[in-house]
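Peer 1: Handing you a structure now.
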Amino acid sequence: MKKYQVHEIFYSLQGEGAWTGQPMVFVRFWGCNMKCSFCDTPQRGENKREMTAPEIWNEIEKLRPKGESIPVCFTGGEPLLQLDKELLREASMYESLNSFHLETNGSIALRPELIRHFKWITVSPKERVDEEIVMIYAHEIRQLYSKEREHEILAFVKPFYPNALLYVSPINGIECIDTGRLNEAIDFCLRHPRFMLNTQMHKLWRIK
1 MKKYQVHEIF YSLQGEGAWT GQPMVFVRFW GCNMKCSFCD TPQRGENKRE MTAPEIWNEI
61 EKLRPKGESI PVCFTGGEPL LQLDKELLRE ASMYESLNSF HLETNGSIAL RPELIRHFKW
121 ITVSPKERVD EEIVMIYAHE IRQLYSKERE HEILAFVKPF YPNALLYVSP INGIECIDTG
181 RLNEAIDFCL RHPRFMLNTQ MHKLWRIK
């Protein structure tokens, strides 16, 4: 049986974007096709767990509050390196786990057999993107903000607005929010009101 490389599975509140504050189970896949210096997900081999689809869903089910239906968010790393229809098909055995979110860097094409499974798709573009996933399927776009990147940010979203919600995130430390960069991002949003501020609230709340 196929095994997936997983960094961690945990239950917490969504700290970013349109679903901020929503309880959900996060499946954080191990491995990424990019190497970003600001990434807060360890990618060393010792952090990797190899799990089958039933093992993943059983662990998710154990985290779910009894009697409650909750969303499941696939994140990473880059989840589209591993996500496939076999893993998502296994979820059909659990009626309480029927709302799936995807957080991707947008560089890998979203296969047709996966699209129908996702209620919400977030793209956080880095070096390159697959334009189809951003233009057609993204519900929200979260871009990292710095003053030096303002022109790049505005140019990137021009073809996609208003199809997706637009967010900018100040580049923060792994465990804290940089107030100077936060204020710069606030100023950017006030000057460009189609953008909303994304502040990684889980760092403020001191949770995962």
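Position 178 (the sequence shown) corresponds to 178 in the UniProt record's numbering; numbering is contiguous.
The C-beta atom is built at its ideal place from N, Cα and C for all residues, glycine as well.
Pick out whichever of R149, F188, E131, W120 has its Cα sitting closest to the Cα of G106.
Peer 2: On the sequence shown, residue 106 is found 106 positions in, with the first residue counted as 1. Comparing Cα-Cα distances from G106 to each of R149, F188, E131, W120, the minimum goes to E131.
Peer 1: Give the straight-line distance between the Cα atoms of F74 and L190, rounded to the nearest whole angstrom.
Peer 2: In the sequence shown, residue 74 corresponds to position 74, counting from 1. In the sequence shown, residue 190 corresponds to position 190, counting from 1. Rounded to the nearest angstrom, the two C-alpha atoms are 31 angstroms apart.
Peer 1: Within the same chain, show all residues whose beta-carbon is closer than 8 angstroms to that of I9, passing over the 5 residues directly before and after it, in chain order.
Peer 2: The residue labelled residue 9 in the question sits at position 9 within the sequence shown. Around I9: V25, F26, V27, R28, I56, E59, I60, L63.
Peer 1: When the Cα atoms are used, what is the spatial distance from E127 to Y94?
Peer 2: Within the sequence shown, residue 127 is the residue found at index 127, counting from 1. Within the sequence shown, residue 94 is the residue found at index 94, counting from 1. About 37 angstroms.
Peer 1: With 16 as the cutoff for other CB atoms within 10 Å, does N183 come out buried or exposed?
Peer 2: Stepping through the sequence shown from its first residue, residue 183 is reached at position 183. With fewer than 16 Cβ atoms within 10 Å of its Cβ, N183 is classed as exposed.
Peer 1: By Cβ distance, which residues of its chain are closer than 6 angstroms to I141, with the 5 residues on each side in sequence left out?
Peer 2: Translated into the one-based positions of the sequence shown, residue 141 becomes position 141. Within the same chain, I141 has close Cβ partners V123, A164, L166.
Peer 1: Answer with buried or exposed for H151, where buried requires no fewer than 16 other C-beta atoms within 10 angstroms of its C-beta.
Peer 2: Mapped onto the sequence shown, residue 151 falls at position 151. Counting Cβ neighbours within 10 Å, H151 comes out exposed, since fewer than 16 surround it.
Peer 1: Hey, could you find the ends of the alpha helix (DSSP H) M201 is sitting in?
Peer 2: Position 201 of the sequence shown, counted from the start, is the residue given in the question as residue 201. Unbroken alpha helix (DSSP H) run through M201: 201-205.
Peer 1: At what residues does the alpha helix (DSSP H) containing C189 begin and finish?
Peer 2: Numbered from its first residue, the sequence shown carries residue 189 at position 189. Residues 179-191.
Peer 1: Any idea what DSSP makes of K147, helix, strand or coil?
Peer 2: The residue you call residue 147 lines up with position 147 of the sequence shown. The answer is helix: DSSP assigns K147 an H, G or I state.
Peer 1: With a Cβ-Cβ cutoff of 9 angstroms, do A155 and I133 count as a contact?
Peer 2: For this step, residue 155 is matched to residue 155 along the sequence shown. For this step, residue 133 is matched to residue 133 along the sequence shown. The answer is no: Cβ separation not under 9 angstroms.
Peer 1: Could you pull out every unbroken alpha helix (DSSP H) segment of at least 4 residues lying fully inside the stretch 78-158, listed in chain order?
Peer 2: The qualifying runs are 85-90, 112-115, 150-157.
Peer 1: Strictly by DSSP, which residues pair up with Q5?
Peer 2: In the sequence shown, counting from the first residue as 1, residue 5 sits at position 5. E50.
Peer 1: Using CA atoms only, rank isn't needed, just tell me which of E16, K3, Y4 is closest to W205.
Peer 2: If you number the sequence shown from 1, residue 205 lands on position 205. Nearest of E16, K3, Y4 to W205, Cα basis: E16.
Peer 1: Does the distance from the CB of G77 to the CB of H7 come in under 9 angstroms?
Peer 2: Counting from 1 along the sequence shown, the entry for residue 77 is found at position 77. Counting from 1 along the sequence shown, the entry for residue 7 is found at position 7. A contact, by the Cβ cut-off of 9 angstroms.
Peer 1: Where K203 and K2 are concerned, what is the direct C-alpha to C-alpha distance, given to the nearest angstrom?
Peer 2: Taking the sequence shown and counting its residues from 1, the one referred to as residue 203 is at position 203. Taking the sequence shown and counting its residues from 1, the one referred to as residue 2 is at position 2. Taking the straight line joining both Cα atoms gives about 34 angstroms.
Peer 1: Quick check: the Cα distance between N47 and P159, rounded to an integer number of angstroms?
Peer 2: Translated into positions along the sequence shown, residue 47 becomes position 47. Translated into positions along the sequence shown, residue 159 becomes position 159. Cα to Cα, the separation comes out at about 38 angstroms.
Peer 1: Skipping 5 residues on each side, what residues in its chain have a beta carbon closer than 8 angstroms to that of N198?
Peer 2: Translated into positions along the sequence shown, residue 198 becomes position 198. Closer than 8 angstroms at the Cβ level, and outside the excluded window around N198, lie E16, G17, R142, Y167, V168, S169.
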